[in-house]
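**Student:**
In the working numbering, the protein residues as written are 1 to 355.
(1) Residue 242 and residue 149 - do their beta-carbons sit closer together than 8 Å?
(2) Since residue 224 and residue 246 are thought to touch, with beta carbons under 8 Å apart, how far apart are those beta carbons, to the nearest angstrom?
(3) Going by DSSP in three states, residue 152 sits in which element: helix, strand or coil?
(4) Please report the straight-line C-alpha distance between residue 164 and residue 236, rounded to a whole angstrom.
(5) Once the 5 residues before and after residue 233 are set aside, which same chain residues still bring their CB inside 6 Å of it?
(6) Report yes if the CB atom of residue 207 is closer than 8 Å to the CB atom of residue 166, and no otherwise.
(7) Going straight from the alpha carbon of residue 174 to that of residue 240, what length do you get?
(8) For residue 122 versus residue 217, is the C-beta spacing smaller than 8 Å?
(9) Pick out whichever of 144, 178, 155 and 220 has its Cα sitting closest to the Cα of residue 253.
(10) Spatial neighbours of residue 214 within its chain, please: CB distance less than 8 Å, with the 5 preceding and 5 following residues excluded, ordered by chain position.
(11) State buried or exposed for residue 85, treating a residue as buried only when at least 16 other CB atoms are found within 10 Å of its CB.
(12) Just to confirm my understanding: we take residue 155, look at its own chain, exclude 5 residues before and 5 after, and list those with CB closer than 6 Å. What are they?
(13) If you check the beta carbons only, do residue 356 and residue 32 fall under 8 Å apart?
(14) Please tell me whether residue 185 and residue 178 are closer than 8 Å, where the distance is taken between their beta carbons.
(15) Can you tell me where the alpha helix (DSSP H) holding residue 176 begins and where it ends?
(16) So, are the CB atoms of residue 111 and residue 269 less than 8 Å apart?
(17) Where does residue 144 sit, in a helix, a strand or coil, going by DSSP?
(18) Would residue 94 be called buried (16 or more neighbouring beta carbons within 10 Å of its own) or exposed?
(19) Just curious, the beta strand (DSSP E) that residue 208 is in, first and last residue?
(20) Which residues in the same chain as residue 28 place their Cβ atom closer than 7 Å to its Cβ, once the five residues preceding and following it in sequence are excluded?
(21) Can you tell me the Cα-Cα spacing of residue 38 and residue 76, whole angstroms?
(22) Going by DSSP, what residue range makes up the beta strand (DSSP E) through residue 292?
(23) Between the beta-carbon of residue 153 and the beta-carbon of residue 160, is there less than 8 Å?
(24) In terms of residues, what are the limits of the beta strand (DSSP E) holding residue 247?
(25) What separation, rounded to the nearest whole angstrom, lies between the Cα atoms of residue 281 and residue 107?
(26) So, for residue 306: in the same chain, excluding its five sequence neighbours on each side, which residues have a beta-carbon less than 7 Å away from its beta-carbon?
(27) Please classify residue 402: does DSSP put it in a helix, a strand, or coil?
(28) What are the boundary residues of the beta strand (DSSP E) that residue 32 is part of?
(29) If you run the structure through DSSP and keep just helix, strand and coil, what is residue 139?
(30) Since residue 74 is in the alpha helix (DSSP H), which residue starts that stretch and which ends it?
(31) Determine the burial state of residue 147: buried for a count of at least 16 other Cβ atoms within 10 Å of its Cβ, exposed for fewer.
(32) Check for me: the alpha helix (DSSP H) holding residue 97 runs from which residue to which?
(33) Return the bridge partner residues of residue 256 from the DSSP annotation.
(34) When we look at the beta-carbon of residue 294 and count the other beta-carbons within 10 Å, is it buried (16 or more) or exposed?
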């Protein structure tokens, strides 16, 4: 069991070994361990410890526990040297992993802003222009959600009086039943409503602004329905177009975000779009310079297995690119987001040497 734990610790450290370290800390400070072909410095040890979560780092405050962590680093270096000796540096899987890391580093070097301030270079005029052209994203009037029982009886029609009387009867029934039956209004819709579209949805009219209600139903309807609180029901509502019982079922508050409130958000969005456009142009030039050609006949002949080989992760996209996928790309990012630095691995605590 101890050997299995030790092996897991080594695998975890192999993951942290792939994480980027600054040139200042990688080999700085005195050597804490040396061996044939490798040196581990105090700066390197600290950098590896700093990659761990605060909870794990807290375990390595004593000399003995630091020795345990260092022992795992030594094991990793010894195994790495042996892998090199056995020629595994030329193994196709190793070469593929190396390519993934190099591509990620290449994109980070050329397109990731080191200090996070590049978005601030976008002129305020461009930010204001975007805000003005996308006002709907930042301003939305209050909307209410309603359900209604509808009787189609325009004002002055012969059936108007009969429909009003029926609406009053339905309202009286609702007041009697709604205290003990939460579905009472929906049942009234099913029994009385003459509007097929809303009847099929238990009377639901969806979310509407006051303007929407006026256009669809009339000003008289909007004056009453727009002010209904969720759960409240109107009286018999007579409008030029028909007779209604209306119930408030929900609301969305007004959204009104000023330019200053969303300026930073717009900066980030436009900066990401700018970097994506630059990346696409750069990649197109590289592809054109490479004079890529595709043999569609050979491509079509490739058989795709139903299941991936055991132990092999998918690589549907190029790692590290804006919007990339795959093991290093970590799935699609927001539009134009430069590739992030690899997330620090969280290895298990370094175990004591196997007995």
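Backbone N, C-alpha and C define an ideal beta-carbon position, used for all residues, glycine too.
**Tutor:** So, from the listed chains and residues:
(1) no
(2) 7 Å
(3) coil
(4) 7 Å
(5) 247
(6) no
(7) 24 Å
(8) no
(9) 144
(10) 221 and 222
(11) exposed
(12) 240
(13) As displayed, the chain neither begins before 1 nor continues past 355, which places residue 356 out of reach and without an answer.
(14) yes
(15) 160-177
(16) no
(17) strand
(18) exposed
(19) 204-208
(20) 41 and 43
(21) 11 Å
(22) That residue, residue 292, is in no beta strand (DSSP E); it is neither H nor E in DSSP.
(23) yes
(24) 243-252
(25) 13 Å
(26) none
(27) The structure shown does not extend to residue 402, since the chain spans only 1 to 355, so no value can be given for it.
(28) 31-35
(29) strand
(30) 63-85
(31) buried
(32) 92-111
(33) 139
(34) exposed
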